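S.K.:
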Amino acid sequence: MENNKNINHIDGKGKDCNTFKDFKNNENPIMDETSERSQDLKFGEEIALMVDNAGKMAYRYEISLKKGSFEQKCPYLEIIDIYKEIIRKLLEKGWISQLETYSKEIDIYKKKYEKDKNLREIELQKESKQKAFEQSQKIKEVDSVQAVLQSLETEMRVLNFEAKKQEKWMEFDNILGLIDRAEKLVKDYKLKIKKENILEIESPYHEILKVYEDAKNKFKEFGWNDAAKKLFDSIEFYKKEFINDNNLRECEKKKV
Numbered sequence: 007m008e009n010n011k012n013i014n015h016i017d018g019k020g021k022d023c024n025t026f027k028d029f030k031n032n033e034n035p036i037m038d039e040t041s042e043r044s045q046d047l048k049f050g051e052e053i054a055l056m057v058d059n060a061g062k063m064a065y066r067y068e069i070s071l072k073k074g075s076f077e078q079k080c081p082y083l084e085i086i087d088i089y090k091e092i093i094r095k096l097l098e099k100g101w102i103s104q105l106e107t108y109s110k111e112i113d114i115y116k117k118k119y120e121k122d123k124n125l126r127e128i129e130l131q132k133e134s135k136q137k138a139f140e141q142s143q144k145i146k147e148v149d150s151v152q153a154v155l156q157s158l159e160t161e162m163r164v165l166n167f168e169a170k171k172q173e174k175w176m177e178f179d180n181i182l183g184l185i186d187r188a189e190k191l192v193k194d195y196k197l198k199i200k201k202e203n204i205l206e207i208e209s210p211y212h213e214i215l216k217v218y219e220d221a222k223n224k225f226k227e228f229g230w231n232d233a234a235k236k237l238f239d240s241i242e243f244y245k246k247e248f249i250n251d252n253n254l255r256e257c258e259k260k261k262v
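The sequence shown begins at 7 in this note's numbering and counts up one residue at a time.
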């Protein structure tokens, strides 16, 4: 598993024109410290265990569905939360390159959840008339209005909570999409400058820095301070990249 510590970057110490050639041939650094490798292995095992648990939950539930049983609670939302927690941990660790894989898993289980919800609604419709009749018999005529109001109040509290939670995760998903796009811009840019004149290509670093700044502020709002700190490290990294990119451009201008 890679992390964003392995992202190719430009050595900020070399400011002469040969830096551009060195930058094009730059290779990912290899971590030599045993302790860091050990920590990464443990972290990878932790993520693998979470993925395995999510898979087992889905498997057990889908087996029960094949048997025609809807008594077991649908685990898909819980599984989605597991993958979102994995993404949060990856952000804290700084393994940005792994986000896309688990974002796709979230999309898969969202679709499964919608399909499951539709199936359950069909099952509920079969019993709705009978349940409505039984419920009407239980409610006395004298307190029927009060009972209905209490029921509506409870339902509204639940709906408001779920709506706020859903709104938060939607915003979180949007931030992840922006980070993924920013990382793709960097990769595409570094590929292009190996083949084309850097002066003919627009630098993406200004836009990338804005994405990371916005994401960092949002994570602070969510209370995810560790994730925000990791994004701060990424911001500092891309600031140096921005400076080195400008130095390379100045070198190329002198050649013209």
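The beta carbon of each residue, even a glycine, is placed where N, CA and C say it ideally should be.
Since the model is a prediction, treat every value here as computed from it, not as a measurement.
For Glu52, report the span of its alpha helix (DSSP H) as first-last.
M.R.: Within the sequence shown, the letter at position 46 stands for residue 52. 40 to 72 is the span of the alpha helix (DSSP H), which, as asked, contains Glu52.
S.K.: Ends of the alpha helix (DSSP H) at Ser240?
M.R.: Along the sequence shown, read from residue 1 onward, the residue named residue 240 stands at position 234. Its alpha helix (DSSP H) spans residues 231 to 261.
S.K.: Keeping to the same chain, check which residues put their C-beta closer than 6 angstroms to that of Tyr89; ignore five residues upstream and five downstream.
M.R.: For the purposes of this step, residue 89 is identified with residue 83 of the sequence shown, where counting begins at 1. So the qualifying residues of the chain are Tyr108, Glu111, Ile112.
S.K.: Buried or exposed: where does Gln143 fall if 16 or more other Cβ atoms within 10 Å of its Cβ makes it buried?
M.R.: Here residue 143 corresponds to residue number 137 of the sequence shown, with the count starting at 1. For Gln143, the predicted model reports a pLDDT of 48, less than 50, meaning its position is unreliable; a value from the coordinates is still stated below. Exposed, because fewer than 16 other Cβ atoms sit within 10 Å of the Cβ of Gln143.
S.K.: Whole angstroms is fine: what's the gap from Asp87's alpha carbon to Asn253's?
M.R.: If you number the sequence shown from 1, residue 87 lands on position 81. If you number the sequence shown from 1, residue 253 lands on position 247. For Asp87 and Asn253, the distance between alpha carbons rounds to 44 angstroms.
S.K.: How about Lys259 and Leu205: are their beta carbons less than 8 angstroms apart?
M.R.: Mapped onto the sequence shown, residue 259 falls at position 253. Mapped onto the sequence shown, residue 205 falls at position 199. Going by C-beta atoms, Lys259 is nearer than 8 angstroms to Leu205.
S.K.: Quick check: what's the CA-CA separation for Asp28 versus Val217?
M.R.: Counting from 1 along the sequence shown, the entry for residue 28 is found at position 22. Counting from 1 along the sequence shown, the entry for residue 217 is found at position 211. Unreliable placement is indicated for Asp28, whose pLDDT of 47 sits below 50; the coordinate value is still reported in the next sentence. Each residue's alpha carbon lies about 28 angstroms from the other.
S.K.: What first and last residue would you give for the alpha helix (DSSP H) that runs through Asn223?
M.R.: In the sequence shown, residue 223 corresponds to position 217, counting from 1. 211 to 228 is the extent of the alpha helix (DSSP H) around Asn223.
S.K.: Let me check understanding here. Comparing Cα to Cα, which of Cys257, Lys121, Ala60, Glu219 lies closest to Phe243?
M.R.: To locate residue 243, count along the sequence shown from 1; it is residue 237. For the residues Cys257, Lys121, Ala60, Glu219, the minimum Cα distance to Phe243 belongs to Glu219.
S.K.: On the DSSP letters alone, give me the boundaries of the alpha helix (DSSP H) that Lys95 sits inside.
M.R.: If you number the sequence shown from 1, residue 95 lands on position 89. Lys95 -> alpha helix (DSSP H) spans 82 to 99.
S.K.: Examine the Cβ distances between the region 115 to 131 and the region 192 to 208 and report whether three or more of them are shorter than 8 angstroms.
M.R.: Contact between the region 115 to 131 and the region 192 to 208 is absent, because fewer than three Cβ pairs lie under 8 angstroms.
S.K.: Is it buried or exposed for Ser240, if we count other Cβ within 10 angstroms and need 16 for buried?
M.R.: Start at 1 with the first residue of the sequence shown, and residue 240 comes out as number 234. Answer is buried; the Cβ neighbour count reaches 16.
S.K.: Which whole-angstrom value describes the C-beta separation of Pro81 and Ala64, a residue pair presumed to lie in contact below a C-beta threshold of 8 angstroms?
M.R.: Taking the first residue of the sequence shown as 1, we reach residue 81 at position 75. Taking the first residue of the sequence shown as 1, we reach residue 64 at position 58. With 8 angstroms as the limit, Pro81 and Ala64 qualify as a contact, their Cβ atoms being about 7 angstroms apart.
S.K.: Between the Cα of Ile93 and the Cα atoms of Phe238, Asp232, Phe248, which residue gives the shortest distance?
M.R.: Counting from 1 along the sequence shown, the entry for residue 93 is found at position 87. Closest by alpha carbon: Asp232.
S.K.: Rounded to whole angstroms, what's the CA-CA distance from Lys226 to Leu182? Just pull it up for me.
M.R.: Within the sequence shown, numbered from 1, the residue matching residue 226 stands at position 220. Within the sequence shown, numbered from 1, the residue matching residue 182 stands at position 176. Lys226 and Leu182: Cα-Cα distance of roughly 15 angstroms.
S.K.: Look at Asp251 and Ser209 and say whether their C-beta atoms are less than 8 angstroms apart.
M.R.: By 1-based counting over the sequence shown, the position of residue 251 is 245. By 1-based counting over the sequence shown, the position of residue 209 is 203. Contact: yes.
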